[in-house]
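Residue numbers (my numbering): 141 to 882. Here a beta-carbon is modelled for each residue, glycine too, at the ideal position from N, C-alpha and C.
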């Protein structure tokens, strides 16, 4: 019987691709069509129709069939099951047939609309163009995310444009120093740009603290020098002391200020100190809370305090003209002539493509009208920088189709459009001069020329953006800073540890990319990156210093699955969650996202609620009694339990921990090592990485027409399983080099 079932599969290459091959249809009819056919097929999928349609059936139907057979979800437990060998041959045959179908189809590029630069892209772009490090995050809200990434759109609302003007003005003041020498750079941080931690909340226009809490800002000091920090606030006074704040700037010794003023008449306190160049956190912590509810005088029962704003002035020593300013105004002539000559040089970089004489002249006229001093070349340049940054040509990534273009036709991207796509894909910032010059010469129109520039960009340190921007979003740890485990349970967890966890994953991914290592090391590496704080947390060999460094580690450490960032992001604030971890594994690493939970599916009890004292496995078993829940949870929970030896903040637990998981096909995972093997051997892992990196590169979600491109990427990964190979294949795809005109 076994031989009868297997031999037709071996003849598959001689069969046509249009029809579902007989061995595949025979397997499905033997094990599946009894439930999945007829007037009311289970799951809404009629396999008799899918089999008959063959290659013309919906691709997602065949993908779903592959997923449920691979996972062991189908056939269900109460139906005759194939042997492991029959299942493996079916999976292999089905994949080969689908791969052949997809490879035979032509690639069809999609349409990418105008995209707004994201916050990290905007910050990097401004830095690379002007040398100014502006904190874009304090001006703009978080970028909207679509298909897992935040580089796919964003509207230009009135509020956004107003904030963009504020950013542009801050950049202009920092990048262009006036020649009178009397100006001291000043930055004010109002309440909407202040971070509040601890026992505090926003009260009208202030950060109000009813007990110990901290107000903080992150400020970039443009150069080392003497700065004045002004803190404006007030106190709800009580007791024999005025409200006190501990002020901390970077790693410097904390200072204490007193604010005896009241809400009606707030006061300011100034601190002058020498600060090194670079980003520093400035914080004010309310340190002398007072509460005497039984005091006979009501006004003396409670001391509270508030911070209204921070202001940073300096450096007192003044600023030297930036390289951008020197280049933009070099040469002789009138202020307007110098401005016009400079614009011809720098505007094409700001707008990422050629500019016309009319556009440049219009910018000169706009700057002349807006400048505070039309006789000053520096003042004119400031106004021009503001106008250039506030332009849609700067903030939007535009791919403008020729006026006579017909909708539905396909066109090649111009060299400058390709340069922009490539640079933001690999660097997260604007094209450099070399890339623009290659575009000018037409070198990017040829796939080989595009690959030459791709390899140059990857060799540059700025390609770390693939790790900091792509990997953190793919792995869903981009917003790790917003996670706060319950400090009553995890008392030693702090911000520094959180940042070390994020850096571990970034350094790890960047190392594998930069050294062209096989992608299975993402899962099975025998090393990680750690600093003193993280090594202590993981109970690794002690090291000294905050610098992340490569460490050889023994099992179970090594690979993404044992990293604190992942384990923290897939836990609740109080405990581990096999459900969250299993769901993350399916969605992120295995390209097998479960459907949304049905209405009323419920959740596990929180600490203190009924049933919370039961072992976690028993809680999940009760949850799975609901048939609609059981289908997804069988695989999801089994995968998640394999990580149960790691607690909610990534520490390894010894002792009596049940980390065994039984998959729907009957196979058993005995902890993290079996889980690593399961993921590494899954085609879903390659597919997930390929699909997500392609989504990120294109700046849009994938559609059915992208399936041939994904198939091509998987073929490349089979012969060269590295991230570099995947990137090189992406940039020569039709989807990357061409666009469909909407």
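beta-carbon residue i near the ligand SAH non-hydrogen atom, thresh 7 Å
| i | result |
| --- | --- |
| residue 720 | This structure lacks the ligand SAH, and indeed carries no ligand of any kind. |
Residues of its chain near residue i, where Cβ-Cβ distance is below 7 Å and the 5 sequence neighbours each way are ignored
| i | result |
| --- | --- |
| residue 251 | 879, 880 and 882 |
| residue 503 | 483, 487, 524, 527 and 528 |
| residue 828 | 728, 729, 730 and 731 |
Whole-angstrom distance between residue j and residue i, CA atom to CA atom
| i | j | result |
| --- | --- | --- |
| residue 736 | residue 717 | 17 Å |
| residue 268 | residue 346 | 35 Å |
| residue 196 | residue 159 | 8 Å |
| residue 169 | residue 162 | 10 Å |
| residue 862 | residue 192 | 38 Å |
| residue 571 | residue 492 | 7 Å |
| residue 604 | residue 274 | 20 Å |
| residue 728 | residue 811 | 19 Å |
| residue 337 | residue 809 | 41 Å |
| residue 413 | residue 392 | 10 Å |
| residue 282 | residue 615 | 18 Å |
| residue 220 | residue 167 | 12 Å |
| residue 578 | residue 471 | 27 Å |
| residue 156 | residue 240 | Residue placement at residue 156 is flagged as unreliable, the pLDDT there being 44, under the threshold of 50; the coordinate-derived value follows with that caveat. Distance between the alpha carbons of residue 156 and residue 240 is about 10 Å. |
| residue 481 | residue 496 | 13 Å |
| residue 361 | residue 509 | 31 Å |
| residue 701 | residue 285 | 24 Å |
| residue 817 | residue 664 | 8 Å |
| residue 354 | residue 426 | 6 Å |
Residue i and residue j closer than 8 Å at C-beta
| i | j | result |
| --- | --- | --- |
| residue 454 | residue 543 | no |
| residue 351 | residue 339 | yes |
| residue 348 | residue 444 | yes |
| residue 606 | residue 653 | yes |
| residue 668 | residue 648 | yes |
| residue 714 | residue 659 | no |
| residue 389 | residue 424 | no |
| residue 584 | residue 558 | yes |
| residue 666 | residue 693 | yes |
| residue 290 | residue 258 | yes |
| residue 411 | residue 395 | yes |
| residue 780 | residue 722 | yes |
| residue 293 | residue 255 | yes |
| residue 465 | residue 316 | yes |
| residue 690 | residue 651 | yes |
Where residue i falls, given that 16 or more other Cβ within 10 Å makes a residue buried
| i | result |
| --- | --- |
| residue 655 | exposed |
| residue 788 | buried |
| residue 144 | Bear in mind that a pLDDT of 33 at residue 144, under 50, signals an unreliable position, so the model cannot answer this. |
| residue 211 | buried |
| residue 798 | exposed |
| residue 678 | buried |
| residue 310 | buried |
| residue 187 | buried |
| residue 512 | exposed |
| residue 686 | exposed |
| residue 183 | exposed |
| residue 301 | exposed |
| residue 831 | buried |
| residue 468 | buried |
| residue 342 | exposed |
Contact belief for residue i with residue j at Cβ below 8 Å, rounded distance in angstroms
| i | j | result |
| --- | --- | --- |
| residue 785 | residue 775 | The pair is not a contact, with the Cβ atoms about 20 Å apart (cut-off 8 Å). |
| residue 868 | residue 594 | 6 Å |
| residue 307 | residue 279 | 5 Å |
| residue 176 | residue 164 | Wrong, their Cβ atoms sit about 14 Å apart, outside the cutoff. |
| residue 641 | residue 662 | The pair is not a contact, with the Cβ atoms about 16 Å apart (cut-off 8 Å). |
| residue 834 | residue 853 | 7 Å |
| residue 820 | residue 857 | Wrong, their Cβ atoms sit about 13 Å apart, outside the cutoff. |
| residue 249 | residue 639 | Between residue 639 and residue 249 the Cβ distance is about 39 Å, and since that is not below 8 Å, they are no contact. |
Below-8 Å beta-carbon distance, residue i vs any chain D residue
| i | result |
| --- | --- |
| residue 719 | Absent here is chain D; the protein component of the structure consists of one chain. |
Close beta carbons around residue i, own chain, < 6 Å, minus the five adjacent residues each side
| i | result |
| --- | --- |
| residue 505 | none |
| residue 245 | 848 |
| residue 732 | 207, 726 and 824 |
| residue 703 | 644 and 645 |
| residue 456 | 366 |
8 Å CB neighbourhood of residue i in its chain, flanking five on each side removed
| i | result |
| --- | --- |
| residue 400 | 375, 377, 382, 383 and 407 |
| residue 597 | 562, 563, 566, 567, 575 and 603 |
| residue 872 | 587, 590 and 591 |
| residue 551 | 541, 542, 545, 878, 879 and 881 |
| residue 263 | 273, 274, 275, 276 and 277 |
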